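Novice: Those sequence lines, one after another, are chains W and U. So in our numbering, spot 183 of the first sequence is number 183, and the numbers just go up one at a time. So in our numbering, spot 328 of the second sequence is number 328, and the numbers just go up one at a time. Built from N, CA and C at the ideal position, the CB exists for glycine as well. Computed from a predicted structure; not experimentally measured. Structure incoming, see below.
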Amino acid sequence: MQTFDLEAQGLRELNSTLHAQVKETNQTSWEVINPKGSHAIAVGLDAPIEVNIKGSTGYYCGGMNKQATINVLGSAGPGTAENMMSGKIVIDGDASQYAGATGHGGLLVIKGNASSRCGISMKGINIVVHGNIGHMSAFMAQSGNLVVCGDAGDALGDSCYEARLFVRGSVKSLGADCEEKEMRPEHLEILKELLAEADSDAKPEEFKRYGSARNLYNFDVDNAAAY
Amino acid sequence: MSSHDENGIPFTTPRQSATFTADVNSDIRRAAATGIYDIRGGGAKRKVPNFDDLLFMGASISRYPLEGYREKCETSVTIGGLHASNPIELDIPITIAGMSFGALSGPAKEALGRGASAAGTSTTTGDGGMTPEERGHSTKLVYQYLPSRYGMNPDDIRKADAIEIVVGQGAKPGGGGMLLGQKISDRVAEMRNLPKGIDQRSACRHPDWTGPDDLEIKILELREITGWRVPIYVKVAGARPYYDVTLAVKAGADAVVLDGMQGGTAATQDVFIEHVGQPTLAIIRPAVQALQDLGMHRKVQLILSGGIRSGADVAKAMALGADAVAIGSAALIALGDNDPKWESEYNKIGSTAGAYDDWHEGKDPAGITTQDPELMKRFDPIEGGRRLRNYLKVMTLEAQTIARACGKNHMHNLEPEDLVALTMEAAAMAQVPLSGTNWWPGKSGSNF
C-alpha cells in the first residue's frame with residue numbers, strides 16, 4: 001500500500017504519480033489521505049490500480065477513469081466519475097450534481113444519495129445509487145443502466161435515448177418522452193448483476209423500468225409542445 | 001403586362017413591399033406548408049457592418065513602408081504559452097475552425113488537416129469526436145470539448161495539441177447543435193453512441209459545469225488529465241465579449257476564441273443565425289479591452305472568427321488586437337463547397353451555387369457536407385488539401401502585403417492607428433476614426 005498525503009504533496013504530484021502507473025505495475029494499492037474536498041483527485045487514471053481516498057472529494061473525482069478502482073471514503077462533489085470509460089468508482093457517502101455525467105463505461109456506485117442530474121448524457125456507464133436521486137437525472141441519457149434503490153426526483157429520464165433506468169421507490173415525475181417500460185427477464189438479469197456488483201441487497205423484482213418512448217427521436221411539429 | 005385598363009386608365013406601377021420581401025414571403029409560405037422552422041447551415045446572411053467598412057491608410061512620410069518580397073514581415077504566432085508546457089507554434093495566424101465529422105465527411109476532414117498542415121497551421125475537431133484520418137493528417141490538432149461530449153475520451157484528449165472548451169458559437173450564442181437523422185451513418189452513430197437515423201441534439205450547456213467558477217475547476221481537471229502540457233482554449237460566441245473574455249481568462253484559459261455572428265454552423269434555426277449574436281467587427285474591441293484591463297493582452301491569445309475571407313480581413317482583425325483568426329466557411333469554399341461547377345445539381349435541390357446552405361440534409365453536390373458514399377466520391381481529399389493550402393498561403397501573402405505597406409515587420413505590429421472607417425457604424429464598433437476625421441462615435445475628448 002502506497003500512502004499519498006495530498007495536503008503535503010499536492011494535486012499535480014498525485015495525478016502524475018498515478019498516471020505513471022502502467023498495466024504491469026506492482027504498486028496496485030494506493031491510499032490518499034487529507035483530500036479535504038480537493039478538486040480533480042485521481043482524474044484520467046489508466047491502470048488496474050486501486051485508490052482509496054480517505055475523506056471527501058471536490059469536483060470531478062475520478063474523472064475520465066479507465067481501469068482503476070477508486071473508493072471515496074466520504075462524499076463526492078459535483079461531476080464525480082464524469083466521462084468514466086471503465087473501472088469502478090465507489091462513493092461511500094453522497095454524491096453531488098452530475099455524478100457519472102457522460103460516462104462511457106465502468107461502474108459508479110453511490111452508497112448514499114445522488115443529487116440532481118445524476119447520469120446526465122450517460123453513454124454506456126452503469127450507475128447504482130443505494131439512496132435517492134435528484135431532479136433531471138438521466139437527462140439525455142444515451143445508453144447504459146441507472147439503478148436507483150430509493151426514489152427519483154422530478155423529470156427522470158427527460159429526452160433520454162436508449163439508457164435503461166431502474167427505480168425501486170417512487171418517481172416524482174417523468175421527463176419528456178420517458179415512460180415506464182416492461183420489465184423483461186433480461187432486464188432482471190442485468191439488475192441482478194449490477195446490484196450484486198454494487199453490494200446492494202435490493203431485489204431485482206422490486207424495481208420498475210423506465211426508458212425512452214422514442215416519440216421525439218425525429219422532429220415532428222405535432223410534438224412541438226413536448227420540446 | 002398591360003399598362004392600361006380597358007378604358008385607357010393607366011394602372012399604378014406594381015410595388016413590392018420593403019417589409020414583405022420575396023425572401024420574407026417565401027419564408028412564410030414555407031412555414032405555412034411545413035409547420036417547422038427553417039433549419040440551415042452557415043452564418044448570418046444579412047448585411048452587417050464588417051471588415052469591408054474599414055481601410056488601412058498605408059505608409060507615406062509620417063510612416064515608412066517595408067519593401068515587398070524583400071524586407072521580412074513575420075506571420076508566426078504562439079498560442080497557449082501562459083500555462084501549457086507545449087504551446088502551439090503556428091507559421092501563420094490563420095487557423096481552421098472546429099467542424100465536426102458528421103457535419104463534414106471523413107475525406108473533407110482529412111483535406112482540412114492536409115491543407116492546414118501544409119500551410120503550417122492547426123485544424124480543429126468538432127461535435128463528434130476525433131477521427132484517425134483527421135489526427136493523422138493534422139500536424140497540429142485542436143480537440144473541441146463540447147457539451148454533447150460525443151466521442152469524447154481521454155485517449156483522444158491526450159492525442160490533441162490543444163483543447164478548446166466550447167461554450168458558444170457565433171451563429172447561435174446560447175444554442176446547441178443538431179445533426180439530423182439523414183446524416184447519421186453507421187460510423188457517425190457509433191462514434192456518438194446513438195441509434196442510426198435519429199436526430200442528434202447537442203446540448204447548449206455543458207453537462208457537468210455551469211458558470212465561471214465551475215469552468216475554472218473544469219480547466220483544472222483537463223490540465224491534470226493532460227499533465228499541463230497542452231493549451232486550453234475557451235471558445236465563446238460574440239454575445240457579451242468584454243465579460244465573457246474576462247471570465248474565461250480569470251478561469252484560466254490560455255487562449256480565447258471569439259466567434260461573431262457571421263461564423264457558420266452545421267445546422268440550426270435560421271431565426272437563430274440571423275437574430276442572435278453580434279457582428280464580428282463589433283466584438284473585437286471589447287474583447288481586447290478586457291484582455292488589456294487584465295494585463296493579459298498578448299499573454300492570453302485572442303483568436304477571432306466569423307466571416308473571415310481574405311488577407312485584408314486577417315490584417316484588420318489583427319490590427320484591432322486579435323492574435324490570430326480562424327476560418328470555417330471560407331475553408332469549405334476553398335475545398336469546393338458551393339462551386340458553380342455543380343450548378344445544375346444545386347438547382348435540382350432547390351438552390352444555387354453560392355446560396356446552398358442545407359448542409360444538414362446531407363445532399364451536398366460537392367460531396368463535402370455529406371455522409372452519402374456516392375456524393376463523397378466527388379471530393380478528393382488530396383486535391384482539397386492542396387486547394388486549402390493555396391488559399392491559406394494567398395491570405396497570408398495578402399495580409400503581409402498590407403502589413404508591409406503599413407511599415408510593420410510582424411503582423412502583430414499592426415494597430416488600430418493604421419485603420420480608418422468608411423461608415424459611422426464601423427467607426428463606432430472598431431473605435432477607429434471615420435475616414436477624413438479624427439473622430440468616432442463615443443470617442444471621449446473628441447475635438448472635431
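1. Please check the pair residue 239 of chain U and residue 277 of chain U, which I expect to be a contact at CB under 8 Å, by giving their CB distance rounded to whole angstroms.
2. Nearest-angstrom Cα distance between residue 228 of chain W and residue 252 of chain U?
3. Enumerated in chain order, which unbroken segments of the alpha helix (DSSP H) with a length of 4 residues or greater are wholly contained in the segment 104-177 of chain U?
4. Of all Cβ atoms in chain U, is any one closer than 8 Å to the Cβ of residue 104 of chain W?
5. Classify residue 410 of chain U as helix, strand or coil using the three-state DSSP reduction.
6. Under 8 Å Cβ to Cβ from residue 229 of chain W, same chain only, skipping five residues before and after it: list those, please.
7. Within its chain, find whatever has a CB closer than 6 Å to the CB of residue 96 of chain W; leave out the 5 residues flanking it on each side and keep chain order.
8. Counting only the same chain and skipping the five closest in sequence on each side, list residues whose C-beta sits under 6 Å from that of residue 256 of chain U.
9. Between residue 448 of chain U and the rest of its own chain, which residues show a CB-CB distance below 7 Å, the 5 nearest in sequence each way excluded?
10. What three-state label does DSSP hand residue 15 of chain W in the structure shown?
11. Taking its Cβ as the centre, do 16 or more other Cβ atoms sit within 10 Å of residue 148 of chain W, making it buried, or is it exposed?
12. Could you check which residue in U:209, U:305 and U:379 has the C-alpha nearest to that of residue 334 of chain U?
13. Are the Cβ atoms of residue 137 of chain U and residue 106 of chain U separated by less than 8 Å?
14. Answer with yes or no whether the minimum CB distance from residue 64 of chain W to chain C is below 8 Å.
15. Tell me the DSSP secondary structure of residue 448 of chain U in three-state form.
16. Identify every residue that forms a DSSP beta bridge with residue 210 of chain W.
17. Could you give the distance in angstroms between the alpha-carbon of residue 435 of chain U and the alpha-carbon of residue 420 of chain U?
18. Quick one: give me the first and last residue of the alpha helix (DSSP H) that residue 329 of chain U is part of.
19. Of all the residues that make up the segment 74-98 of chain W, which are near chain U by a beta-carbon distance shorter than 7 Å?
20. List the residues of chain U whose Cβ lies closer than 7 Å to the Cβ of residue 43 of chain W, in chain order.
21. Between residue 124 of chain W and the rest of its own chain, which residues show a CB-CB distance below 6 Å, the 5 nearest in sequence each way excluded?
22. What would DSSP say about residue 359 of chain U, mapped onto helix, strand or coil?
23. Is there at least one Cβ from chain W nearer than 8 Å to residue 335 of chain U's Cβ?
24. Hey, does residue 19 of chain W have any beta-carbon neighbour from chain U nearer than 8 Å?
25. Residues in its own chain within less than 8 Å of residue 209 of chain U by CB, not counting five upstream and five downstream?
26. Between which two residues does the beta strand (DSSP E) containing residue 126 of chain W stretch?
27. Any contact of the segment 349-368 of chain U with the segment 34-52 of chain U, i.e. 3+ C-beta pairs under 8 Å?
28. In whole angstroms, give me the CA-to-CA distance for residue 160 of chain U and residue 202 of chain W.
Specialist: In brief:
1. Mapped onto the second sequence, residue 239 of chain U falls at position 239. Mapped onto the second sequence, residue 277 of chain U falls at position 277. Between residue 277 of chain U and residue 239 of chain U the Cβ distance is about 6 Å, and since that is below 8 Å, they are a contact.
2. Nothing about residue 228 of chain W can be reported from this structure: the residues present for chain W run from 1 to 227 only.
3. 106-119, 132-137 and 154-159
4. By 1-based counting over the first sequence, the position of residue 104 of chain W is 104. Closer than 8 Å: yes.
5. Walking along the second sequence from the start, residue 410 of chain U turns up at place 410. Three-state result, residue 410 of chain U: strand.
6. Chain W is shown from 1 up to 227; residue 229 of chain W falls before or after that span and cannot be answered.
7. For the purposes of this step, residue 96 of chain W is taken as residue 96 along the first sequence, with counting starting at 1. Cβ neighbours of residue 96 of chain W beyond the five flanking positions: 77, 78 and 115.
8. In the second sequence, the residue the question calls residue 256 of chain U occupies position 256. 234, 245, 248 and 302.
9. By one-based count along the second sequence, residue 448 of chain U stands at place 448. Reliability fails at residue 448 of chain U, whose pLDDT of 45 lies under 50, so the model's placement of it is uncertain and the value that follows must be treated cautiously. Taken in chain order, the residues that qualify are 437, 438 and 439.
10. By 1-based counting over the first sequence, the position of residue 15 of chain W is 15. Here residue 15 of chain W carries a helix assignment [DSSP, helix/strand/coil].
11. Locating residue 148 of chain W in the first sequence gives position 148, counting from the first residue. Counting Cβ neighbours within 10 Å, residue 148 of chain W comes out buried, since at least 16 surround it.
12. Reading the second sequence from its first residue, position 334 is the one you call residue 334 of chain U. Nearest C-alpha to residue 334 of chain U: U:379.
13. Along the second sequence, read from residue 1 onward, the residue named residue 137 of chain U stands at position 137. Along the second sequence, read from residue 1 onward, the residue named residue 106 of chain U stands at position 106. No. Outside cutoff.
14. The structure shown contains no chain C; its protein chains are W and U.
15. On the second sequence, position 448 is the one that residue 448 of chain U refers to. Residue confidence is low: residue 448 of chain U scores 45 on pLDDT, short of 50, so the model does not pin down where it sits. No coordinate-derived value is stated.
16. Numbered from 1 along the first sequence, position 210 holds the residue referred to as residue 210 of chain W. W:165 and W:180.
17. As a working note, residue 435 of chain U is residue 435 in the second sequence. As a working note, residue 420 of chain U is residue 420 in the second sequence. Cα to Cα, residue 435 of chain U sits roughly 5 Å from residue 420 of chain U.
18. Counting from 1 along the second sequence, the entry for residue 329 of chain U is found at position 329. First-last of the alpha helix (DSSP H) with residue 329 of chain U: 329-335.
19. 78, 79, 82, 83, 85 and 98
20. Position 43 of the first sequence, counted from the first residue, corresponds to residue 43 of chain W. Here the neighbours are 221, 224 and 225.
21. Counting from 1 along the first sequence, the entry for residue 124 of chain W is found at position 124. Cβ within range, chain order: 104, 105, 143 and 144.
22. The residue given as residue 359 of chain U occupies position 359 in the second sequence. If DSSP states are grouped into helix, strand and coil, residue 359 of chain U belongs with the helices.
23. By 1-based counting over the second sequence, the position of residue 335 of chain U is 335. It does not: the Cβ of residue 335 of chain U has no partner Cβ on chain W nearer than 8 Å.
24. As a position in the first sequence, residue 19 of chain W is number 19, starting the count at 1. Output row for residue 19 of chain W: interface = yes.
25. On the second sequence, position 209 is the one that residue 209 of chain U refers to. Here the set comprises 215, 217 and 218.
26. Position 126 of the first sequence, counted from the first residue, corresponds to residue 126 of chain W. Taken as a continuous stretch (DSSP letters only), the beta strand (DSSP E) holding residue 126 of chain W covers 123-129.
27. yes
28. Within the second sequence, numbered from 1, the residue matching residue 160 of chain U stands at position 160. Within the first sequence, numbered from 1, the residue matching residue 202 of chain W stands at position 202. Roughly 44 Å separates the two Cα atoms.
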